[in-house]
Every structure is written in structure tokens, then in C-alpha cells.
Amino acid sequence: MKILVTGATGFIGSHLVDYLLDLGYDVRATIRKTSNLQWLKNKNIELVEANLNSIEDALKAVKDVDYIYHVAGLVAANNYNEFLKANRDVTENLLKACEQANQNLQRFILVSSQTASGPSSSLDNPQTEDDIPKPITSYGKSKLEGEKVAISFMNKLPITIVRPPAVYGPRDPAIKDVFKIVDKGIATLIGFDDKFVSLIYIKDLVRGMVLAGESNISEGQIYFITSHQFYTWNEIMDTMKIAMDKKHLIKVRIPHSLVLAMGAISEFLGKFSNKPPVFDYEKAIDFIQKYWICSPEKARRDLDFVSEVPLEDGLTETAQWYKSMKWI
């Protein structure tokens with residue numbers, strides 16, 4: 585089978601490429617002129633230069649493939665319209681291209697996000713796929729709009745949507761700074777209450793994505809591909825301490841008001857930069873939520889998916905990789 589992966593140069597996409605190659609599939613990856621190909625070098629894949637905002641490029645990318653994993657997206661932007669252009673309009677372009685040029689497509693897998701669903705109301709009520717989505721950030725809203733586009737094509741094309749929660753593992757630049765702080769013997773915790781999150785190790789995630797993509801019953805469905813347990817940040821930091829082989833860890837709690845102020849300042853300073861800040865006021869609102877948790881039950885029932893990598897093993901492997909790459 586030939587499989588197209590968009591966003592293949594990124595953290596999730598590059599690990600998906602590796603997993604698909606291990607399964608023996610032919611892989612095509614879309615890249616841009618400015619793409620950093622560090623994770624794709626010396627791999628037996630077809631590289632297609634494509635601007636997916638262009639329908640012509642999208643047609644070229646989707647032609648003659650059996651499966652499409654649409655991973656590409658934007659996680660930081662200057663405004664909501666930029667998010668929509670990347671996370672909704674590109675999805676629509678690809679689906680229109682499939683409709684025109686690939687009627688034999690076996691499955692289109694849209695990689696969305698837990699943020700499209702929004703946080704949960706309590707520990708006893710993790711978000712499920714049947715809950716009405718209530719995203720709280722522009723990023724989450726744009727990912728939900730991408731889902732809506734995909735749903736509108738479900739009567740024409742075989743589509744499955746997956747929603748990862750927070751993802752961690754080697755190659756992830758997003759949580760590198762957390763490891764660097766813990767390496768100094770410090771752990772920062774937001775607020776003075778426990779906050780619960782769903783997590784997924786990258787190797788578990790890509791395995792779950794492929795299970796969802798190849799299942800006979802997953803067409804037209806949405807799945808959280810997530811851990812089978814919820815974690816507090818206190819637990820995560822204690823586990824990271826072990827993973828980093830630290831004897832002592834000083835925990836510093838940051839009040840919500842300070843987190844929000846830092847987000848506002850970062851957003852303001854970002855206006856004078858060429859790149860939008862990853863951490864802004866909306867992200868600060870995201871951080872202070874008490875329950876970023878989602879249910880693993882539908883994926884367990886339909887796909888027989890259960891996360892396999894224990895948190896300590898995943899964090900240890902990630903820490904060792906960061907050290908080997910001199911990221912920390």
C-alpha cells in the first residue's frame with residue numbers, strides 16, 4: 585500500500601513515517617521548500633514538494649495513494665484566520681483533491697486534537713467522542729472547524745478522525761524546556777490545586793492512529809487515542825525526577841494570575857517578532873484548566889487499543905534521547 589503523510593517533517597508525522605516504514609508500507613511525504621528534513625534523511629520515502637493551500641499541489645499529493653494521514657497543522661499563529669487557513673482550509677483542499685483525483689482512497693485519517701473537544705468538567709466526566717465540543721482557544725476552535733469539514737465529506741469519502749491529547753516523546757521540542765528545568769532540580773506547577781491530564785507516548789499514539797486508520801469499523805468515527813489513566817502534574821514531575829535521575833526536586837507553584845499575566849506579556853512581545861509566540865494569553869487559559877482528560881473507552885472497545893508504554897519508561901526514553909541529542 586502507498587500512504588501519504590502530511591506534516592511528516594514534524595514530531596508526530598516523522599514518528600508515523602517510521603512506524604509505517606517498519607510495517608513495510610510505501611510512504612509519500614509532503615514537504616515545503618523551507619522544511620527541515622532532519623527526521624526524514626536516508627529513509628526510503630517519496631518526497632513531494634507541495635503547498636497544500638494550492639488545490640493543484642493537493643491533487644499531486646493525493647494521487648494514487650491508498651491511505652492519507654493528515655497530520656500537518658499550525659499550533660501557533662498571529663490570529664484566528666491564520667489558524668483556520670492551516671487547520672481547516674488545508675483539510676478541505678485535501679478532501680476536495682481526493683474527491684477529484686482519488687476515488688479509490690481506502691481511508692483519510694484526520695489528526696485533530698483533544699483541544700477541539702475542550703477540557704472536562706470533573707475527574708468523573710472525561711470528555712468522550714459523543715460530548716458536544718467546547719474548545720476554549722483559537723487553536724482548538726480551528727481544529728474543530730477542520731473536523732467539521734471532514735464530517736461534511738463523510739458521505740463521499742472514507743474518513744476517520746483521531747484526537748490525541750498531550751503527546752510526548754523523542755523529537756518533541758515543545759516539552760524540552762520542562763526537562764531542562766527538571767534537570768536543574770526544579771519543577772514548576774500551575775496553581776495550588778491538582779490538575780489532571782491525559783497523555784500519550786508518541787509510539788503508542790502512532791500505533792493507535794494506524795489501528796484507527798485500518799479498522800473495518802472506524803470509518804465515519806472519531807477517536808481519542810489516549811492513555812488509559814489520568815495523571816496529575818505532580819505525579820508527572822515526580823516521575824520525570826526519576827527519569828532524569830535527580831535526587832532532589834524543588835516544586836514551585838505559580839499562581840493562576842501570574843500565569844495569565846505571563847501569557848499576556850508573551851503575546852504582547854510576540855507582536856514585535858517574526859514568529860507568533862507558542863505561549864500566549866489563550867495558552868495560559870489552557871494551562872490553568874483543572875481537567876484536560878478524555879476517555880480511552882471507545883478506542884479500547886472498537887480498536888482494541890490500550891496504551892502500552894508506562895509513564896516512567898516513556899519519560900526515561902525521552903530524557904535519554906534529549907541528552908543524546910544535547911537538547912538538555
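Each residue of the sequence shown is one higher than the last, beginning at 585 in my numbering. Think of the CB as a built atom: it goes at the ideal place given N, C-alpha and C, for glycine as much as any other residue.
8 Å contact criterion, which residue i and residue j should meet: CB distance rounded
| i | j | result |
| --- | --- | --- |
| V751 | I786 | 6 Å |
| K760 | I912 | 7 Å |
| I615 | Y653 | I615 to Y653, Cβ: 15 Å. No contact. |
| G797 | Y609 | With 8 Å as the limit, G797 and Y609 do not qualify as a contact, their Cβ atoms being about 11 Å apart. |
| Q805 | T744 | 6 Å |
| V601 | K617 | The pair is not a contact, with the Cβ atoms about 19 Å apart (cut-off 8 Å). |
| I877 | V843 | No, I877 and V843 are not in contact; Cβ-Cβ is about 20 Å, not under 8 Å. |
| E713 | F808 | 7 Å |
| Y603 | V790 | 4 Å |
| T699 | K727 | 6 Å |
| L636 | T590 | 7 Å |
| Y815 | V781 | 6 Å |
| L899 | T823 | 6 Å |
Three-state secondary structure assigned by DSSP to residue i
| i | result |
| --- | --- |
| A758 | coil |
| F737 | coil |
| V674 | helix |
| W817 | helix |
| L607 | coil |
| A848 | helix |
| F780 | strand |
| T590 | strand |
| I806 | strand |
| Q904 | helix |
| Q711 | strand |
| T721 | coil |
| F856 | coil |
| D822 | helix |
| S841 | helix |
| H599 | helix |
Inter-residue Cα distance where the pair is residue i and residue j
| i | j | result |
| --- | --- | --- |
| E901 | Q684 | 43 Å |
| Y625 | M909 | Correcting the residue identity first, residue 625 is Lys in this sequence and not Tyr. Roughly 16 Å separates the two Cα atoms. |
| G657 | A670 | 6 Å |
| N677 | I639 | 6 Å |
| L773 | N739 | 45 Å |
| A758 | A771 | 16 Å |
| D870 | T721 | 7 Å |
| K855 | E881 | 42 Å |
| G917 | P717 | It is not possible to answer for residue 917, since the shown part of the chain is limited to 585 through 912. |
| V746 | D767 | 33 Å |
| S619 | D708 | 42 Å |
| K867 | G847 | 7 Å |
| K859 | A845 | 20 Å |
| K831 | D897 | 18 Å |
| L607 | F852 | 46 Å |
| I834 | I826 | 14 Å |
| E666 | V862 | 14 Å |
| G753 | D648 | 32 Å |
| A592 | A634 | 12 Å |
Paired residues, beta bridge with residue i - DSSP
| i | result |
| --- | --- |
| T744 | I693 |
| K835 | A771 |
| Y935 | Outside the modelled stretch of the chain, which goes from 585 to 912, sits residue 935, for which no answer is possible. |
| W911 | In DSSP, W911 forms no bridge with anything. |
| Y875 | F780 |
Near the ligand FMN: residue i beta-carbon under 6 Å from a heavy atom
| i | result |
| --- | --- |
| P703 | Of the ligands one can find in the structure shown there are none, so the ligand FMN has no counterpart to examine. |
Min CB distance residue i to chain B below 7 Å
| i | result |
| --- | --- |
| P748 | Included in the structure is just one protein chain, with no chain B present. |
- [ ] Please specify which runs of the beta strand (DSSP E), each continuous and at least 3 residues long, are wholly inside the region 613 to 689, giving them in chain order.
- [x] 630 to 633 and 651 to 654
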